[in-house]
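K.L.:
Mind having a look at this structure? Questions to follow.
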Amino acid sequence: MKVLVPVKRVVDANVKVRVKADNSNVDTANLKMALNPFCEIAVEEAVRLKEAGVVTEIVVVTIGNKSAQEQLRTAMALGADRAIHVETDEELVPLSIAKLLLAVQQKEQAQLVVFGKQSIDGDNNQTGQMLAALADMPQATFASEVKVEDSNIVVTREIDGGLQTLKMALPAVVTVDLRLNEPRYASLPNIMKAKRKPLESLSIDDLGVTLKSHQTVLNVAPPAERQAGIMVSSVEELVEKLKNEAKVI
Amino acid sequence: MTILVLAEHDNAQLKADTAKVVAAASAIGGDIHVLVAGSQCNDVAQAAKSLAGVSKVLIADSAVYANQLAENTAKLILDIASDYSHILAAASSVGKDTLPRVAALLDVSQLSEVVAVQSEDTFVRPIYAGNALATVQSLDDKKVMTVRSSAFDAVAATGDAEVVALTQAISASTEFVSQTLTVSARPELGNAGIIVSGGRGMGSGENFAILEQLADKLGAAVGASRAAVDAGFVPNDLQVGQTGKIVAPDLYIAVGISGAIQHLAGMKDSKVIVAINKDPEAPIFQVADYGLEADLFDAVPALNNLI
């Protein structure tokens, strides 16, 4: 079985971003970039399925500018077999990404598509669901456990009140949550090996997809700053402040 | 202009999130219809019809919708979508699962976690874990969006809308196997007035008992940081943060939580924040209204005795 894993290059999770002075966007110049943490978990799961003998080939795909190839190499160092880079400098909405991924999926005919549940920059949490809809595949979002049983996949999902288990026929889309696994580190020999793994570069035109314009970002502003309050010296003082000053208890 | 709101419910009770999404719909303006898709969910429809501003409740009552699987619900919404200019749902696990599917089937973009309405086509939403707010104008003919319920106040239950039954029962290929829900007598995290949250500093799951005692005294809900969930102290549905629940209670008490970007994303809109931590350098103190530098194992029992 072949697995397709879409991945994204994002600002490192530990970096606090700042908004540009002209309020057009956040300033990502010279910031440390990384593989989106949820995508890392998706790659790890695909690798584990391969190690378990369920999966034969792992294809990673990303859509973005030239430098996104770095993240494809990272994914291959973690165990993906080959990579597809759809090159574009434009910032695309999840629906446009899903349409491009649909074209890649139709080309590759993967039985399983494993996504991160959301990217930590756009915080959209949409792309996996949208690809599933466009490809008319069943979906299991926010997965914390994945089991492949013959031509079916059984997924435990994190829902608001607890956990839910679903079963669906392949091909299917799964988006992964934090609790699914603990991603491995890439070893130096694997990083060297990843440099020789195949990386195919495509343009949007190559995929034959026409994209629409869906939205205009009018303004990006920093949120209201929250000022630090006061330090209290004792529990008694804290209770007194909460009762009489803040009046919340 | 007619707006469709997907009701948030568990087949027996309408969740408070729905009244907050209706408030967002009222801010857009226009006729508001609520869709209740579920099984044996008549009580939910009866509760929904009393929400102020709602003119019609559509009820799709079928075993097919019992677990609100995205595939089925998305097809149902698609079936009736031609009547609506806006389609809204809470940014809950059901809303986030279902609406992107609806948007893709309608070939429109979706806006996630909307926190403010500026006009019928312009909305504000947080990006980068809440470190920036983007004002976005939608160019699509239909606006599909999930709403961050903590950013809106629930509408009153003073209305009396008509209830109309839908007969569609669209079944899809996904099969529901089982569900395990966390049972708790405490208020739900999303709607609690007070939240007491614990982090890695709690040390173990057993130690959460002291937070639970405090929570019970305050009538509060218990939350947690990712570290506490990953360490197995508490179940994952208690996680507050960028990828867990987003809350904005009147009082948030963070105990043994350092205050990483991802945790702050879930609670920094709380009205009053209290931090109890033995590390004076912890970033949580930069957003706390009241900070107490102390060992939580001394401070929490002492707090419990005083309240």
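Just so you know, the sequences run in chain order Y and U.
Counting in the UniProt record's numbering, the first sequence runs from 1 upward without gaps.
Counting in the UniProt record's numbering, the second sequence runs from 1 upward without gaps.
We put the CB at the ideal spot given by N, CA and C, even for glycine.
1) Across the segment 64-76 of chain U and the segment 93-103 of chain U, are there enough close Cβ pairs to call them in contact, namely three or more that are closer than 8 Å?
2) Just mark Thr146/U as buried or exposed, buried being the case when its beta carbon has 16 or more other beta carbons within 10 Å.
3) Cβ of Lys147/Y less than 8 Å from any chain U Cβ?
4) Check whether chain U comes within 8 Å of Val174/Y, counting only Cβ atoms and requiring the distance to be less than that.
5) Does the segment 49-63 of chain U come close enough to the segment 160-179 of chain U that 3 or more CB-CB pairs lie under 8 Å?
6) Using a C-beta cutoff of 8 Å, does Ser112/U count as contacting chain Y?
7) If you check the beta carbons only, do Ile230/Y and Ile307/U fall under 8 Å apart?
8) Using alpha carbons as the reference points, say which of Val17/Y, Val10/Y, Gly53/Y and Gly79/Y lies closest to Arg184/Y.
9) For Tyr290/U and Leu211/Y, which I take to be in contact (beta-carbon distance under 8 Å), what is that distance rounded to the nearest angstrom?
10) Can you give me the start and stop residues for the beta strand (DSSP E) that Val82/Y sits inside?
11) Less than 7 Å between C-beta atoms, sequence neighbours within five positions excluded: which residues of the same chain meet that for Leu264/U?
12) What would DSSP say about Ile153/Y, mapped onto helix, strand or coil?
13) For Ser138/U, which option in Ser270/U, Val155/U, Gln118/U and Ser178/U has the closest C-alpha, if you only look at C-alpha atoms?
14) Using DSSP with H/G/I as helix, E/B as strand and the rest coil, what is Asn207/U?
15) Interface residues of chain Y around Ser178/U at Cβ under 7 Å?
16) Can you find a CB in chain Y that lies within less than 8 Å of the CB of Gly291/U?
17) Checking contacts by CB at 8 Å: is Ile204/Y closer than that to chain U?
18) Using a cut-off of 8 Å between C-beta atoms, extract the partners of Leu95/Y located in chain U.
19) So is Glu40/Y in contact with chain U if we call contact Cβ pairs under 8 Å?
20) If the cut is a Cβ gap below 8 Å, which residues of chain U does Ser213/Y touch?
21) Quick one: is Ala221/Y near chain U, going by C-beta distance under 8 Å?
22) Round the Cβ separation of Glu113/U and Ile28/U to the nearest angstrom and send it over; I've been treating them as touching at under 8 Å.
P.N.:
To lay it out plainly:
1) Look at the beta carbons and you see the segment 64-76 of chain U touching the segment 93-103 of chain U: at least three pairs across the two are nearer than 8 Å.
2) For the purposes of this step, residue 146/U is taken as the residue at position 146 of the second sequence. Result: buried.
3) Translated into the one-based positions of the first sequence, residue 147/Y becomes position 147. Not a single CB atom of chain U sits nearer than 8 Å to the CB of Lys147/Y.
4) Position 174 of the first sequence, counted from the start, is the residue given in the question as residue 174/Y. For Val174/Y, the answer is no, since every Cβ of chain U falls outside 8 Å of its Cβ.
5) With a cut-off of 8 Å, the segment 49-63 of chain U and the segment 160-179 of chain U count as touching, because enough Cβ pairs lie within range.
6) Working through the second sequence from its first residue, we reach residue 112/U at position 112. So yes, Ser112/U belongs to the interface.
7) Indexing the first sequence from 1 puts residue 230/Y at position 230. Indexing the second sequence from 1 puts residue 307/U at position 307. Pairing Ile230/Y with Ile307/U gives a Cβ-Cβ distance that is not under 8 Å.
8) Sequence index remark: in the first sequence, residue 184/Y carries index 184 (1-based). From the listed residues Val17/Y, Val10/Y, Gly53/Y and Gly79/Y, the smallest Cα separation to Arg184/Y is found for Gly79/Y.
9) The residue you call residue 290/U lines up with position 290 of the second sequence. The residue you call residue 211/Y lines up with position 211 of the first sequence. At roughly 50 Å, the Cβ-Cβ gap does not stay under 8 Å, so Tyr290/U and Leu211/Y are not in contact.
10) As a working note, residue 82/Y is residue 82 in the first sequence. Residue identity check: residue 82/Y is Arg in the sequence provided, not Val. Counting along the chain, the beta strand (DSSP E) containing Arg82/Y begins and ends at Arg82 to Glu87.
11) Here residue 264/U corresponds to residue number 264 of the second sequence, with the count starting at 1. Sequence-distant partners of Leu264/U (beyond 5 residues in either direction) whose C-beta falls short of 7 Å from its own C-beta, in its chain, are Val287.
12) Working through the first sequence from its first residue, we reach residue 153/Y at position 153. Residue state, collapsed to three classes: strand.
13) Locating residue 138/U in the second sequence gives position 138, where the first residue counts as 1. Out of Ser270/U, Val155/U, Gln118/U and Ser178/U, Gln118/U has the C-alpha closest to the C-alpha of Ser138/U.
14) The residue you call residue 207/U lines up with position 207 of the second sequence. Under the three-state reduction of DSSP, Asn207/U is assigned to coil, being neither helix nor strand.
15) Residue 178/U sits at position 178 when you count from the first residue of the second sequence. Neighbours of Ser178/U across chain Y, judged by C-beta separation under 7 Å: Thr165.
16) Counting from 1 along the second sequence, the entry for residue 291/U is found at position 291. At least one chain Y Cβ lies under 8 Å of Gly291/U.
17) The residue given as residue 204/Y occupies position 204 in the first sequence. Ile204/Y is outside the set of residues whose beta carbon lies under 8 Å from a beta carbon in chain U.
18) If you number the first sequence from 1, residue 95/Y lands on position 95. Chain U residues near Leu95/Y: Ala103, Ala104, Asp107, Val108, Ser109 and Gln110.
19) Taking the first residue of the first sequence as 1, we reach residue 40/Y at position 40. Taking 8 Å as the threshold, the shortest C-beta distance from Glu40/Y to chain U does not fall below it.
20) On the first sequence, residue 213/Y is found 213 positions in, with the first residue counted as 1. Going along chain U in sequence order, the residues near Ser213/Y (Cβ under 8 Å) are Leu139.
21) Numbered from its first residue, the first sequence carries residue 221/Y at position 221. Yes, Ala221/Y lies at the interface with chain U (some Cβ there is under 8 Å from its Cβ).
22) In the second sequence, counting from the first residue as 1, residue 113/U sits at position 113. In the second sequence, counting from the first residue as 1, residue 28/U sits at position 28. About 16 Å separates the two Cβ atoms, so there is no contact after all.
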